[in-house]
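Have a look at the structure below, then the notes.
Protein chains in written order, with our numbering: chain Z, 156 to 453; chain U, 64 to 453.
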């Protein structure tokens, strides 16, 4: 882990200085730059982009929360693509130069993406465990049965959608591998702290892991002895802390909604033996937005 | 295979799509013999139900022949003729165990979206928006039926396709609407809307012992059918609904009122303009004129039953009347699986003839035109059956 990170500050610094330089040019000479990239006179838009570049650049150079600032550059790249595309509609634009500019943005975007991914991985391992996640769901099955299903850790990847595999190393320790949205792979080792059959399991990640959290799951008898109320409580280390978690929740990528969706799948699996899905069913011609949405559908 | 696809507001088309197939162990694939266009499909057609996407296959009323079953389905085999309920229900959860099938907790893969709108999610439904699961519907040559060991009911040889088709939705829906009225001997029930659900609600109210049923609509062909089903009729273009109901019930009001119209009610005057403008501006999703009238007309301590479809937010609901008149309001998507068997028996012994409401029979290719005709109430259109075999 540490070895792969040694060159990282260099990449961050380069991207940081690049950002600052580009931002200065956009603010000080927007007309010349506009002609150069073929979008014509768009001084206001370019100056605003310039401010954005300088914020990302200074952020990266400061070395604080590098993952957040590297990600802000990725977002900026997406914005640039959109603006370049939009500029083509204007009669003032020069398509050849716009295409050249887009190619340049693509190259930088690839670097940005790489940098943000590596940063995110390293900072997830170090962030404080201050993002709490609670989720609970009623399952129509007895507590010891739900507990038994969960305790066989290999079962977890059947309903935790981002989990690729869990391997039990011994009674207490296990090795986990997950793939997050965006394709980033995470590996960690976990150890069971408390194990009360039919009632509770708690665990923590071990040093050397790529993410860190402590968590517990309680299996409480439902009201009147009907079913089980499953409570999951996890404290995550997340780069950027609770604020970043809030931001992620806006796009439904927050840990909380992931855990809730996982519990829903657990419930389906235990109650019905399968997980409800429409993946693989026929449909007519989708619109572009429709295709994007269908990919996210379970 | 060919299927009816939603392509946008007032646009449906026949498209060539991949064949339906078994995805989960408890799935079956049905070769559709007969499907129907539901009044609630018109809410999709008019663009008032959120969560529709271009390319969605429509249709939640259908019956046909089993062609394939998953490993978890042992009660059906290829060749069985079945009618399929529109709610997709697992049969195992808290709600299914209590026969509240339309509230199944496990069949909507997009439950999180529905929860954002409504707090909790109902079951998944065939061809009825991604809020309700995004399942491909049955206005197609083939359809995948999840939890096929729970939903589909086998049809006896002696019964025709058309006789059982409406067990998939509208007959149980009309019946549950009447059952929700808790009808007592001597009761008067008023039914707004004499479309298929309204007509079946009228028949069911009679079967459940209502002394009088009063039907309200403006289309003569629909009022004629209501009369044939045993109702007294009010044409609201010619008579004032509220004062007529008052008069006919000696000032007390009907014991129960059924809103079989839903979110796109047709009304007159200021109220009509108000709701049309707000709905067009997306400031409310419904035009709840009929619901308002039901609440206003209902007798003290009576019941308002709402089988009509509403999706979101409605304005100016006379809640004061609900409280001060001690009304009970009952609603819900229909727990179809609960009613299929007993209603099939009533069809078999001749108590109900569901086929009397069919006004049009079309082929798959004629479906887009049929949607337009049904929506505009042209050619006395009441119920369109799609014959898939032709």
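Cβ atoms here follow ideal geometry from the backbone N, Cα and C, with glycine treated the same way. Because the structure is a prediction, the values reported are computed rather than measured.
Straight across, the Cα-Cα distance linking residue 203 of chain U with residue 101 of chain U is about 15 Å. When rounded, the separation of the alpha-carbon atoms in residue 371 of chain Z and residue 246 of chain U is 51 Å. Checking the DSSP bridge columns, you'll see residue 450 of chain U partnered with U/97 and U/426. Within 10 angstroms of the beta-carbon of residue 206 of chain Z lie fewer than 16 other beta-carbons, which makes it exposed.
For residue 68 of chain U, the enclosing beta strand (DSSP E) starts and ends at 65 to 71.
Non-local beta-carbon contacts of residue 89 of chain U in its own chain, meaning distances under 7 Å to residues more than five positions away in sequence, involve 133, 135, 136, 209, 210, 211 and 212 in chain order. For residue 88 of chain U, the nearest beta carbon of chain Z is closer than 7 Å to its own beta carbon.
When the five nearest sequence neighbours on each side are left out, the beta carbons in the same chain lying within less than 6 Å of the beta carbon of residue 376 of chain U are those of 347 and 348, in order along the chain. Residue pairing by DSSP puts residue 297 of chain U in a beta bridge opposite U/279.
According to the DSSP assignment, residue 213 of chain Z belongs to no beta strand (DSSP E) but to the alpha helix (DSSP H) extending over 198 to 217. With 16 or more other Cβ atoms from the protein chains shown falling within 10 Å of its own Cβ, residue 196 of chain U counts as buried. For residue 309 of chain U, the secondary structure class from DSSP, reduced to helix, strand or coil, is helix. Shortest Cα-Cα distance from residue 346 of chain Z to any of Z/353, Z/333 and Z/326 involves Z/326. At a C-beta separation below 8 Å, residue 382 of chain Z has these neighbours in chain U: 157. Closest in C-alpha terms to residue 217 of chain Z, from the list Z/171, Z/230, Z/192 and Z/198, comes Z/171.
Residues of the stretch 184 to 217 of chain U with a Cβ closer than 8 Å to any Cβ of chain Z, in chain order: 187, 193, 196, 197, 198, 199, 203, 207, 209 and 210. Judged by their CB atoms, residue 385 of chain U and residue 319 of chain U are not nearer to each other than the 7 Å cut-off. Chain order gives no chain Z residues near residue 433 of chain U, where near means a beta carbon separation below 7 Å; the closest approach is about 18 Å. For the set U/329, U/358, U/365 and U/369, the Cα lying nearest the Cα of residue 350 of chain U is the one of U/329.
Shown here, residue 257 of chain Z sits in a helix according to DSSP, grouped into three states.
Taking the Cβ atoms as the reference, residue 174 of chain U lies roughly 4 Å from residue 184 of chain U, within the contact range of under 8 Å. Bounds of the beta strand (DSSP E) holding residue 350 of chain Z are 340 to 351.
Residue 72 of chain U is classed as exposed because its beta carbon has fewer than 16 other beta carbons within 10 Å across all chains shown. In terms of beta-carbon proximity, residue 383 of chain U stays away from the interface with chain Z, with every pair separated by 7 Å or more. Residue pairing by DSSP puts residue 294 of chain Z in a beta bridge opposite Z/383.
Scanning chain U for C-beta atoms nearer than 9 Å to the C-beta of residue 307 of chain Z yields nothing, as the closest lies near 20 Å away. Burial state of residue 441 of chain U is exposed, judged by a 10 Å Cβ sphere holding fewer than 16 other Cβ atoms. Rounded to the nearest whole angstrom, the C-alpha separation of residue 178 of chain Z and residue 234 of chain Z is 14 Å. Along the stretch 166 to 181 of chain U, the positions whose C-beta sits under 8 Å from a C-beta of chain Z are 168, 169, 170, 171, 172, 173, 174 and 175, read in chain order.
Residues of the stretch 125 to 155 of chain U with a C-beta less than 7 Å from any C-beta of chain Z: 135, 153 and 155, listed in chain order. Between residue 270 of chain Z and residue 193 of chain Z, the beta carbon gap of about 27 Å keeps them out of contact (Cβ cut-off 8 Å).
With the rule of 3 Cβ pairs closer than 8 Å, the stretch 416 to 425 of chain U does not count as touching the stretch 395 to 403 of chain U. Residues of chain Z with a Cβ closer than 8 Å to the Cβ of residue 119 of chain U are, in chain order, 438 and 439. For residue 346 of chain Z, the nearest beta carbon of chain U is not closer than 7 Å to its own beta carbon.
Counting only Cβ-Cβ distances below 8 Å, residue 416 of chain Z has contacts in chain U at 175, in chain order.
Within the stretch 303 to 387 of chain U, the runs of beta strand (DSSP E) that reach at least 3 residues and sit entirely inside it are, in chain order, 319 to 322 and 366 to 369.
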